[in-house]
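Step one of this worksheet: look at the structure below.
In the numbering used here, the protein residues as written are 3 to 54.
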(Lines of atoms letter the chains of each structure in order from A and count residues from 1; the text may use other names and numbers.)
(Lines give C-alpha, C1' and ligand atoms only; values in the text may rest on other atoms or scores of the structure.)
Protein backbone atom coordinates (compact mmCIF):
# COMPACT_ATOMS: atom_id res chain seq x y z
CA UNK A 1 0.00 0.00 0.00
CA UNK A 2 1.20 3.52 -0.80
CA UNK A 3 0.41 6.81 0.89
CA UNK A 4 1.07 10.45 0.23
CA UNK A 5 1.41 12.99 3.02
CA UNK A 6 0.22 16.51 2.26
CA UNK A 7 1.24 19.20 4.73
CA UNK A 8 -0.72 22.44 4.51
CA UNK A 9 0.78 25.76 5.53
CA UNK A 10 2.36 28.70 3.76
CA UNK A 11 5.05 28.81 6.45
CA UNK A 12 6.19 25.35 5.32
CA UNK A 13 6.36 26.33 1.66
CA UNK A 14 8.20 29.56 2.45
CA UNK A 15 10.75 27.76 4.63
CA UNK A 16 9.79 29.64 7.79
CA UNK A 17 8.96 26.40 9.58
CA UNK A 18 10.51 22.94 9.35
CA UNK A 19 7.99 20.15 8.81
CA UNK A 20 8.84 17.62 11.50
CA UNK A 21 5.41 15.98 11.49
CA UNK A 22 5.56 14.45 8.01
CA UNK A 23 8.76 12.44 8.58
CA UNK A 24 7.30 11.18 11.87
CA UNK A 25 4.03 10.18 10.21
CA UNK A 26 5.98 8.49 7.40
CA UNK A 27 7.98 6.44 9.90
CA UNK A 28 4.81 5.39 11.74
CA UNK A 29 3.18 4.36 8.46
CA UNK A 30 6.29 2.40 7.50
CA UNK A 31 6.08 0.48 10.80
CA UNK A 32 2.63 -0.79 9.83
CA UNK A 33 3.63 -1.68 6.29
CA UNK A 34 2.55 1.42 4.40
CA UNK A 35 5.15 3.07 2.18
CA UNK A 36 5.06 6.81 1.61
CA UNK A 37 5.46 7.64 -2.06
CA UNK A 38 5.62 11.40 -1.61
CA UNK A 39 5.57 14.15 0.98
CA UNK A 40 4.19 17.42 -0.35
CA UNK A 41 3.83 20.85 1.25
CA UNK A 42 1.26 23.29 -0.07
CA UNK A 43 0.40 26.80 1.01
CA UNK A 44 -2.84 27.53 2.80
CA UNK A 45 -4.20 29.79 0.06
CA UNK A 46 -7.56 28.30 -0.93
CA UNK A 47 -7.02 29.04 -4.64
CA UNK A 48 -3.64 27.30 -4.64
CA UNK A 49 -5.10 24.31 -2.80
CA UNK A 50 -7.90 23.89 -5.31
CA UNK A 51 -5.32 23.70 -8.14
CA UNK A 52 -3.20 21.03 -6.41
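The beta-carbon is built from N, C-alpha and C at its ideal position, and this holds for glycine as well.
Note that the structure is predicted; figures quoted are calculated from it, not measured.
Residue j beta carbon less than 8 Å from that of residue i
i          : j          : result
residue 24 : residue 41 : yes
Identity of the residue in the options nearest residue i by Cα
i          : options         : result
residue 51 : 15, 3, 5 and 31 : 15
residue 26 : 7, 18 and 17    : 7
residue 4  : 28, 43 and 53   : 28
Cut-off 6 Å between Cβ atoms - residues of its own chain near residue i, not counting five sequence neighbours on either side
i          : result
residue 12 : 45 and 46
residue 36 : 3 and 5
Beta-bridge pairing of residue i - partner residues as DSSP gives them
i         : result
residue 9 : 43
residue 4 : 37
Neighbourhood of residue i by C-beta distance below 8 Å, restricted to the same chain and skipping five residues each side
i          : result
residue 19 : 11 and 13
Contacts around residue i, its chain only, beta-carbon distance under 7 Å, and the 5 residues preceding and following it disregarded
i          : result
residue 21 : 9, 14 and 43
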